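For the sequence shown, the working numbering gives the first residue as 38, with consecutive numbering after it. Cβ atoms here follow ideal geometry from the backbone N, Cα and C, with glycine treated the same way. All values reported here derive from a predicted model rather than from experimental measurement.
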Amino acid sequence: MRPKVIAGNWKMHHGPAATRRFFSKFFGEFSPRLSGAEPTILIFPPAISLLAAAESKGGRPEISLGIQNIHWEPKGAFTGEHSVGMALAAGARFALVGHSERRHVFGETDAQVESKVAAAMREGLTPVVCVGETLDERRDSRVQEVIVRQLDAALLGVPEDVKNSILVAYEPVWAIGTGETATVDDVADAHGILRRRLREVRGDAFAQEVAILYGGSVKPANAAELLAVADVDGVLVGGASLDPESFARIVESG
Ligand code: PEP
């Protein structure tokens, strides 16, 4: 069985000082289990807080850090961007790619997602590829078409002889930051579609390796129910990951 993954996307919250405060409170709230069945915890702070997060987390092996966005070029005249190498040097081991805010606020395309996945895989950062439909697309019964198209584009960036895997996050756009959560049936359907597509495109062994997370208004009150759904290997949490106590409660559900 894949260990559950509990990921927190801080978006544009928590600078370096607030990051240090988060970790010292989080460590007071959350004690690792001794059973060995530990969830994997991923935290995606703003890039400017990565070093503070790396220092604050110290040697805790159950916690890894990620960057919220990367550029596909290793360096150059790309004001405001961060390369994979820079993210690695600042302590990141994972990268969100194609988050709905990147796609819908900043106009990120499927082709850019492919380039970012390829750059991450090439240089040793594990991509967490986000896919999800808008409310209009759901109303038009286009969920499968949209999430399969987004997944296929990302998979083009994953080399055939890949050693390290990717993660996928199903995040319906209408459920992000809205308080609306997809029903367990909707989540089971979407995760089933993604798992089947992974199998069709890359075979069973690859498909089994990929953790598929659900994201969209996850909170302490609904985390356990969502984590129990078939093919849900974890959750990607936005708003409720900012508070150390609520994030610790979600981690304990994993
Ligand atoms: C997210 O940012 O990926 C997210 C799921 O946000 P929220 O939990 O606030 O809906």
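> How about Gly275 and Gly214: are their beta carbons less than 9 Å apart?
Replying inline: Taking 9 Å as the Cβ cut-off, Gly275 and Gly214 qualify as a contacting pair.
> How big is the Cα-Cα spacing for Glu66 and Arg286?
Replying inline: Annotation: Glu66 to Arg286 spans about 8 Å, alpha carbon to alpha carbon.
>> Give me, in chain order, the residues of the same chain whose beta-carbon lies closer than 6 Å to that of Ala206; leave out the 5 immediate sequence neighbours on both sides.
In response: The residues are Val165, Cys167, Leu250, Gly252 and Leu273.
> Which whole runs of the beta strand (DSSP E) in the region 128-176 are 3 residues long or more, in chain order?
Replying inline: DSSP runs (the beta strand (DSSP E)) wholly in the region 128-176: 129-134 and 163-168.
>> Going by DSSP in three states, Asn46 sits in which element: helix, strand or coil?
In response: Asn46: strand per DSSP, three-state reduction.
>> Measuring only the C-alpha atoms, how far is Val42 from Phe59?
In response: Taking the straight line from one Cα to the other gives about 19 Å.
> Measuring from the CB of Lys48, is there a heavy atom of the ligand PEP at a distance below 8 Å?
Replying inline: Result yes, Cβ under 8 Å from the ligand PEP.
> Which of helix, strand or coil does DSSP assign to Phe67?
Replying inline: The three-state secondary structure of Phe67, taken from DSSP, is coil.
> Residue ranges of each beta strand (DSSP E) run of no fewer than 3 residues wholly in the region 250-277, ordered along the chain?
Replying inline: Runs of the beta strand (DSSP E) inside the region 250-277: 271-274.
>> Looking only at its chain, what residues have a beta carbon closer than 6 Å to the beta carbon of Glu118, apart from the 5 residues adjacent to it on each side?
In response: His108, listed in sequence order.
>> Alpha carbons only, please: which of Arg39, Ala44 and Pro40 is nearest the one belonging to Pro281?
In response: Of the listed residues, the one whose Cα sits closest to Pro281 is Ala44.
>> Taking the beta carbon of Leu162 as the centre, do at least 16 other beta carbons fall within 10 Å, making it buried, or is it exposed?
In response: Burial call: buried.
> Just how far apart, CA to CA, sit Ile85 and Ala114?
Replying inline: Those two C-alpha atoms are separated by around 19 Å.
> Once you ignore the five residues that flank Gln105 on each side, which residues in its own chain have a CB closer than 6 Å to its CB?
Replying inline: A distance below 6 Å between beta-carbons, with the five flanking residues on each side excluded, links Gln105 to the following residues of its chain, in chain order: Phe81 and Leu133.
> Less than 9 Å separating the beta-carbons of Asp270 and Arg39?
Replying inline: Taking 9 Å as the Cβ cut-off, Asp270 and Arg39 qualify as a contacting pair.
>> Applying the 10 Å Cβ sphere with the 16-neighbour rule, what's the burial state of Leu172?
In response: With fewer than 16 other Cβ atoms from the protein chains shown falling within 10 Å of its own Cβ, Leu172 counts as exposed.
> Taking the C-alpha atoms as reference points, what is the distance between Ala277 and Arg236?
Replying inline: In this structure, the CA atom of Ala277 is about 32 Å from the CA atom of Arg236.
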